[in-house]
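Just so we're aligned: the sequence shown equals residues 1 to 162 in the UniProt record's numbering.
Where a beta carbon is used, it is the ideal one built from N, C-alpha and C, also for glycine.
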Amino acid sequence: MRETFGQRFQRMRKNANLTQEDVATKLNITAQAVSKWENDVSAPDISVLVELSDILGVSLDELLGKERETRVQMSPDKKSIDKMVLKIKVISNDGDKVNVNLPLVIVKSLVTSGAEMPKFNGSDVLSNVDFNQLFALVEQGVVGKIVDVQSSDGDTVEIWVE
1 MRETFGQRFQ RMRKNANLTQ EDVATKLNIT AQAVSKWEND VSAPDISVLV
51 ELSDILGVSL DELLGKERET RVQMSPDKKS IDKMVLKIKV ISNDGDKVNV
101 NLPLVIVKSL VTSGAEMPKF NGSDVLSNVD FNQLFALVEQ GVVGKIVDVQ
151 SSDGDTVEIW VE
């Protein structure tokens, strides 16, 4: 059996996590009018169909019962590790602030060679950061703030990858 407009509209409204009242408010109509659409007592005016499809996040064709449109979303190109920067911000409990921006490729070569991360103002807060795990996350496409730690001494460490 073919789905009626009211059944289709109700399904799409629920998929969009909207109540009848939500739709009515967005269209400046009554919730009773929306209820009538869902019960196939009446249909929306043609002048609101485009706005209604936008509210529901579907195409006008889908709303009117044409075959579902295939939507392809392109994911942004993953940035090469060679072009990324590791940003480290350390705020010691003494009030000292250190900001370091290093090309990620340099940090990776330091870590893979077995070198230890430098101490900032005598604090070894970075020694507890698993940089191999950090690189694994970056290779999977994770960027932004990755680490936000406060040590028992009151030192704060934030690490971003951009």
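query = Quick one: what does DSSP say residue 169 is sitting in, helix, strand or coil?
reply = What the structure shows of the chain is the stretch from 1 to 162, and residue 169 is not part of that stretch, so it cannot be assessed.
inquiry  = If you follow the alpha helix (DSSP H) that G144 is in, where does it begin and where does it stop?
reply    = If you number the sequence shown from 1, residue 144 lands on position 144. Note, G144: premise wrong, no alpha helix (DSSP H); beta strand (DSSP E) at G144 to Q150.
task = Tell me, please, which residues DSSP counts as bridged to K83.
result = Within the sequence shown, the letter at position 83 stands for residue 83. Looking at the DSSP output, K83 shares a beta bridge with no other residue.
message = According to DSSP, is V58 part of a helix, a strand, or is it coil?
response = Taking the sequence shown and counting its residues from 1, one reaches residue 58 at position 58. Here V58 sits in coil by DSSP.
ask   = Is it the case that the Cβ atoms of V105 and I81 are separated by a distance below 8 Å?
value = Taking the sequence shown and counting its residues from 1, one reaches residue 105 at position 105. Taking the sequence shown and counting its residues from 1, one reaches residue 81 at position 81. Yes, the pair counts as a contact, with Cβ atoms nearer than the cut-off.
request  = Could you tell me the distance, in whole angstroms, from the CA atom of N93 to the CA atom of D153?
outcome  = Counted from its first residue, the sequence shown places residue 93 at position 93. Counted from its first residue, the sequence shown places residue 153 at position 153. Answer to the nearest angstrom: the Cα atoms are 7 Å apart.
ask   = Taking the continuous alpha helix (DSSP H) assigned at E21, which residues delimit it?
value = Mapped onto the sequence shown, residue 21 falls at position 21. First-last of the alpha helix (DSSP H) with E21: Q20 to L27.
ask   = Start and end of the beta strand (DSSP E) containing E116?
value = Counting from one through the sequence shown, the residue named residue 116 turns up at place 116. Taken as a continuous stretch (DSSP letters only), E116 belongs to no beta strand (DSSP E), as it is neither H nor E.
key: C-alpha gap between N101 and V85, whole angstroms   = Taking the first residue of the sequence shown as position 1, residue 101 is located at position 101. Taking the first residue of the sequence shown as position 1, residue 85 is located at position 85. Computed Cα separation, rounded: 6 Å.
request  = Could you spell out the range, first to last residue, of the alpha helix (DSSP H) harbouring E139?
outcome  = Counted from its first residue, the sequence shown places residue 139 at position 139. Judged by DSSP secondary structure, E139 falls within the alpha helix (DSSP H) whose first and last residues are F131 to E139.
request  = Answer yes or no: do L60 and L49 have a C-beta to C-beta separation smaller than 8 Å?
outcome  = By 1-based counting over the sequence shown, the position of residue 60 is 60. By 1-based counting over the sequence shown, the position of residue 49 is 49. The answer is yes: Cβ separation under 8 Å.
task = On a CA-only basis, which of D40, P44 and S113 is nearest T30? Give me that one, please.
result = Reading the sequence shown from its first residue, position 30 is the one you call residue 30. Ranking the options by Cα distance to T30, first place goes to P44.
ask   = Taking G95 as the reference, which of V157, R2, R8 and E3 has the closest Cα?
value = Against the sequence shown, residue 95 aligns to sequence position 95. The residue with the shortest Cα to Cα distance from G95 is V157.
key: Cβ pair E51, F9 closer than 8 Å   = Start at 1 with the first residue of the sequence shown, and residue 51 comes out as number 51. Start at 1 with the first residue of the sequence shown, and residue 9 comes out as number 9. No; because the gap between Cβ atoms is not below 8 Å, this pair is not in contact.
query = Once you ignore the five residues that flank I46 on each side, which residues in its own chain have a CB closer than 8 Å to its CB?
reply = Residue 46 sits at position 46 when you count from the first residue of the sequence shown. Result list for I46: empty, nothing under 8 Å.
key: Contacts around V143, its chain only, beta-carbon distance under 7 Å, and the 5 residues preceding and following it disregarded   = The residue labelled residue 143 in the question sits at position 143 within the sequence shown. V161 and E162, listed in sequence order.
task = Tell me, please, which residues DSSP counts as bridged to D159.
result = To locate residue 159, count along the sequence shown from 1; it is residue 159. It is worth fixing the name first, because residue 159 is Ile in this sequence and not Asp. Its beta-bridge partners are I88 and V147.
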